[in-house]
Amino acid sequence: MVFTIQVNNREIEARKGETILEALRRAGFEVPTLCNMKDFTPTGACRMCVVEVEGRQDLVPSCSHYVEEWMKISTHSPRVIKARRTITELLLSNHPDDCLYCEKNGNCELQKIAEEMHIRERKIPGSPVFIRPDRSSPGITREPAKCILCGRCVRVCEEIQQVATLDFIYRGSSIKVTPAFDHELNFSNCIQCGQCLLVCPTGALTEKVRFTELESKLHDASATVVAHYSPSVPLLLAEKFRLKPSADASGVLKAILSKLGFDRVYASAFGTEVFIMEEAALLLRRIRKNENLPVISSACPAWVSFAENEFPDLLPLLSTCRSPQQMASTLAKMHVSEDKTVKEPDKIFTVAISPCTARKYESQKPELTRKGLPETDLAISISELFRLIRLYGVDPLMVESEALPNGMKAITSAGRLSDISGGITEGVIRTFYFMATGKDLKEYRIEKLRNHKSRRDYTLKAGNHEYRFAVLSGLAMLPSLIEEIRSGKCNLHYVEIMACPGGCTAGGGQPSAPSQQILRQRAKDTFESEEKEILKCAHRSPEITELYEKKLGEPGGKKAVDLLHTHFTARNIFARK
Amino acid sequence: MAIRKNNQDILQELLLGKVSPGEPHAQEWIHRTLHYKTDRPVIYVATGTCSITAGALKTLSAIRQYLEERNITALVVETGCPGFCSAEPLVDIQLPGKNRLSFREITEEKVPFLLDDVLHRIIPTENLLGQYRNPLLDPWKDIPWLEEHPFYSIQRRIVMEKAGILDPLSLEEYIALGGYRGFIKTLEMYTPAEVCQLVEKSGLRGRAGGGFPVGTKWKTALLTPAPARYFVCNAQESDPGAFTDRLIIESNPHQLLEGLAIGAYAAGAGKAIVYIRSDYTLAIRRLQTALNKALEAGILGHNIFGSGISIDIEIRQGPGAFVCGEETALLASLEGKRGMPRQKPPYPAESGLNNRPTIINNTESLANIPAIVSRGPEWFASTGTAGSKGTKVFSLTGRVINSGIVEVPMGTTLYDIVFKAGEGIPGAKKCKALHIGGSVGYTLPPSLFHTPVDYEALKEAGAAMGSGGLLVFDENTCLVDMSNFFMHFMQKQSCGKCIPCREGTRRISQILDSIIRRPVEKNGHSTLERFKGVMQLESISTVMKETSLCGLGINAPNPVLSTLKWFRDEFEEHIFDRVCRAGVCTALRTFSIDADACTGCALCARKCPSNAIIGTERNPFFIVEDKCTACGICYDVCKFNAVIIKP
């Protein structure tokens, strides 16, 4: 039902059942908020969004109050402004004064609101709280002193990710947001997906940055710094710097990375192609032996961490393949060390660039090291890359694109879908069909896996057999799937799980949270770019064929397993020291 | 066994109205149950939490020992506290055929003297409160009636009617006194909508502070279509100085259960929950025992007396957070979540526990229900004022002679409660102020003492009924200190969800701290900071009131604002003259050394933690006021009484 309400003496349209804030925003009225998140149940915690409603004694929080027909609202009356300003001043009274040194400087919602309210002095003296920053986790830094307790991270962690690492503890002004038992993040069930980083309005939750180490390597002439980037990196680069649609984003990225001092640049998609080969071989073997089914993909490090933390009984079902990025690092190290021009092969430094914070944790896992050294020496996020670009004064719009070097070029489209939820499964299905039947699929596009549902199912018919695949985008449908598997009712053969809803393009390592619309656009762009490629299947790539012929032998063979597979260990999340 | 069966039969027949209480065999059962017809002396000892603190359990064992040693057969009955908490331990004695006598402050050592006298029919006037009125028994000559005792004389008891009279754990005694008949009558005679109407007609309003009509609330839930509804009794009473709920439950748990059952039936809720704070161990134990007995007798539970109606009552213990008394926080706590309030609307009566319509009523409101149903709404409405019907239970504490639970008809003035029931202030001091409504309540000056207890009249006086705490302050109370105490309490108890409440309470506490503390700071801005703080007090309070999420934040500034309004001079004294007239704010005292008395021993200078005392030995010492923190150590250590304190 649509009706009109009066806002600041203007009539605007409102719909029954929506909040005042939604109606105001649609009509173009700006109301500041700190705790509000789109598509979430409002909590009404920050009270910044209060408006004056005629006939009401108290101010009304617009984010959590439903719009009613009789309402006459004023959004910026003196009373409202005074309330908002006082609330901001109260918030700032004990907020650390280190904006200049803060990770969120320039990107902070509290800073923005304080500026809008024109607060130019600390009117309310407070005792600044000192709480030791929590730097225990490889992916996420937590600074509780900067927390304004809006509860966004708590809601994302619980409602979207269903991990529920963070929650409020204590009461009154001692209240804080921490993992269980006030442990550090590394001694909790955190999966480092980074979704909380995207919603945190201040610098209370930021990603862990290892800039100094990277810079020293970039400037070290004897070290060979090898970068490989996820398929979504060029996509997000083009989006961020508004590259022309005609521009070759991968080429521009290559050129930028060269300028920044990276010696070699590869596409992680090559790792994805090898991953698809290994995964398809593993799936076929398990189906033939009828053991440990369904195969659950282990490409997403956040999901793997979740499984290790909380579902130790499911670990045998996980595919033993390392993640595409890890495979890419291993292969890149192998590839570069064979190059005669590289004088000190033990000084090869691999850097994985992706929109993911869990990669930082993954790269340090002891299972993924060789001779004590990590295969991926450093995992950096897209926001770190953007920072690096700014630091070195590179203007992406002025850069001439460069071609990738030969070898590890990832020329099939199968590898490039991996950052979209369902993309890896599509790649696996194509190669698996070939391995099972010896023929290629006629229709390589699997539309049933390309929608935006949290769970998508697809049945592949190959000869007389039927193979059932499922894709979980985000962890919302995970509990029901686990229930299914544990009760023995699950007849699936392959399950792909990505911890971030929508896949890696929604990852925690980007500057700000992408809206649903942007995520859909990214998926659309990725699928469209696939059409341009001639080769759609990993097993059709001459590079891959050559790699297996010369070095790895059979997919799933002994050499490949030694090099590219891993194992999983259950973790006691509450064990501390 | 035969007697027991007989017992059960009469109990059921009475409840179902098959026999009237006037019939001989029923009457005999009632008199026997209530110990009216007995050849033994009956000794009643009040054993509520307040009584136990005063030593009632020791008194009880002393009585038992006395009886055993002298081989006297007497019946010893434990009752709840009748509300006269300052007179505990209370002991009542009923000799065969004679009226029950009530004695105050019978501690362990007084037991033998009292029993020696009374069992020989000599009534000591010392410690005697009076005799109960009972037409079935013989009155004592020249002994005052209990109801004429000042503490009881202005009271009119509906909620507390049976408190202290019966054994709280005895279902039979409750039924013998007419209990549960209202509930059975409801099931037999009224539809749920009719009960709502009946309660609406009685004019009963919520006793937890808001004063929303109870019947209307029930009707809202009843009219909201839903697959299930819940009925919750809010016994999460955690205001400092309020203990009405505890006493109601401890003294007569069946009355609450009956009210709850009637409410659940009227709101169409099959499930009722008592949410009680876990610290109330005795109340929980008594409520649970009462519930078990009612279930055993088939009065509650599944298919009550074959009516097809089932009411499942559960007792849930709250973790004891103040904010869990707020209804939405209470619901979150019941759902197993952190007790934090949420935005209203939707109101719980539309969508509450597990998103089902949920009625939440306060203990006192529910304890009124049995009387309304069994005696009729007109009877209930005849007590009270035009807008506020019935009675109101107050927990009267502070600087007052008689403290305890006082139930007065609506319309009684605050003055009467304090000076008639409370018998005034001890030590011939003046009453400076009254504080109504606990930590979110209001402080009222003597000019408003004649305000009647009435929702509208109190609102007009700038106050509200609140939870029923009534604190009395005399001249020795510092009101700035009191408002600081309340604000610190609120700061600790704020859930921390919304910014105005979390940060506002903290800031106001800081400001009040700076007013009552001595400024010893290195930067020397303390006077300016204190002044700035005072300027902010009102604006922060206004924003808190206007923007806070729940009642806790909205009402948290009340004590400060009302004190500031009525006792501004006291604030100004603290701020400008740095004087606390009550002598409570110790940090504001000034210390000096009497040069004539000082021997120059230098002990004070050595002990002074802030090096504020200077001088040379064998000469008089001197206190540097700017450095002094007013800790008082010099005063304590001086052997020559040379240190002088000015308040």
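Those protein sequence lines, which keep their order, are chains A and H. Counting along the first sequence from 1, when you hit position 94 you're at 114 in this note's numbering, and nothing is skipped either side. Counting along the second sequence from 1, when you hit position 298 you're at 301 in this note's numbering, and nothing is skipped either side. For each residue, glycine too, the CB sits at the ideal point set by N, CA and C.
Residue i to residue j, Cα distance in whole Å?
i: H/F308; j: H/I187; result: 9 Å
i: A/C173; j: A/L186; result: 7 Å
i: H/M490; j: H/G181; result: 45 Å
i: H/N622; j: H/G586; result: 31 Å
i: A/T244; j: A/F369; result: 6 Å
i: H/L437; j: H/A231; result: 44 Å
i: A/R104; j: A/R76; result: 17 Å
i: A/A258; j: A/V414; result: 14 Å
i: A/W90; j: A/I25; result: 7 Å
i: H/M4; j: H/Q11; result: Only weak support exists for where H/M4 lies, its pLDDT of 39 falling under 50; the value from the coordinates is given anyway. So the two alpha carbons sit approximately 11 Å from each other.
i: A/V581; j: A/K481; result: 28 Å
i: A/A372; j: A/L408; result: 14 Å
i: H/R509; j: A/N114; result: 11 Å
i: H/G472; j: H/E478; result: 20 Å
i: A/G427; j: A/R140; result: 57 Å
i: H/S205; j: H/T189; result: 15 Å
i: H/I518; j: H/I578; result: 6 Å
i: H/D248; j: H/N237; result: 9 Å
i: A/P416; j: A/R436; result: 22 Å
i: H/P228; j: H/Q346; result: 22 Å
i: H/A608; j: H/C601; result: 12 Å
i: H/C498; j: H/R341; result: 9 Å
i: H/I214; j: H/K392; result: A small correction: the amino acid at residue 214 of chain H is Gly; Ile does not occupy that position in the sequence shown. Each residue's alpha carbon lies about 11 Å from the other.
i: A/Q182; j: A/S193; result: 27 Å
i: H/P560; j: H/S544; result: 6 Å
With which residues is residue i paired in a DSSP beta bridge?
i: A/H248; result: A/Y286 and A/A372
i: A/E516; result: A/V491
i: A/C341; result: A/H585
i: H/Q97; result: H/V45 and H/R103
i: H/R319; result: H/Y278
i: H/S398; result: H/I408 and H/G472
i: H/F594; result: H/I648
i: H/W569; result: According to DSSP, which records beta bridges pairwise, H/W569 is partnered with nothing at all.
i: H/K296; result: Paired residue(s): none; H/K296 is not in a bridge.
Please check the pair residue i and residue j, which I expect to be a contact at CB under 8 Å, by giving their CB distance rounded to whole angstroms.
i: A/Q215; j: A/S325; result: With a Cβ gap of about 13 Å, A/Q215 and A/S325 do not count as contacting.
i: H/C651; j: H/C583; result: Here chain H comprises residues numbered 4 to 650, so residue 651 of chain H is not present and cannot be evaluated.
i: A/V87; j: A/I40; result: 5 Å
Between which residues of its own chain and residue i is the CB-CB distance below 7 Å, once the five residues before and five after are set aside?
i: H/T110; result: G58, T62 and P92
i: H/D597; result: A645 and I647
What does a CB cutoff of less than 8 Å around residue i pick up in its chain, not counting 5 residues either side in sequence?
i: H/T82; result: Y47, V48, A49, T50, D95, G167, I168, L169, D170, P171 and S254
i: H/Q134; result: N102, R103, L104, S105, P142, W143, I146, P147, W148 and L149
i: A/G171; result: C55, T63, A65, F188 and V197
i: A/Q530; result: L218, L256, P375, S401, I402 and S403
i: A/T565; result: H559
i: H/D580; result: none
i: H/D516; result: N487
Which same chain residues, not among the five before or five after residue i, have their C-beta less than 6 Å away from its C-beta?
i: H/T734; result: Summary: the structure shown does not reach residue 734 of chain H, with chain H confined to residues 4 through 650, and so no result is reported for it.
i: H/T388; result: M413, G414 and D457
i: H/A272; result: R232, Y233 and F234
Could you tell me which chain D residues have their CB closer than 7 Å to the CB of residue i, listed as they occur along the chain?
i: H/S542; result: Among the chains of the structure shown, chain D does not appear; the protein chains present are A and H.
Contact residues within the stretch 83 to 111 of chain A, judged by C-beta distance below 8 Å to chain H | S84, H85, Y86, R99, K102, A103, T106, I107, L110 and L111
Could you please tell me which residues of the stretch 304 to 330 of chain H, in chain order, have their CB closer than 8 Å to any CB of chain A?
-> A324 and V326
Residues of the stretch 470 to 504 of chain H whose Cβ lies closer than 7 Å to any Cβ of chain A, in chain order | Q494, K495, Q496, S497, C498, G499, K500, C501, I502 and P503
Chain A contacts from the stretch 504 to 522 of chain H (Cβ-Cβ distance under 8 Å) = R505, E506, G507, T508, R509, R510 and Q513
Given a limit of 9 Å on CB to CB distance, which residues of the stretch 243 to 260 of chain H reach chain A?
-> none
Using a Cβ cut-off of 8 Å, which residues of the stretch 543 to 554 of chain H contact any Cβ in chain A, in chain order?
-> I543, V546, K548, E549, T550, S551 and L552
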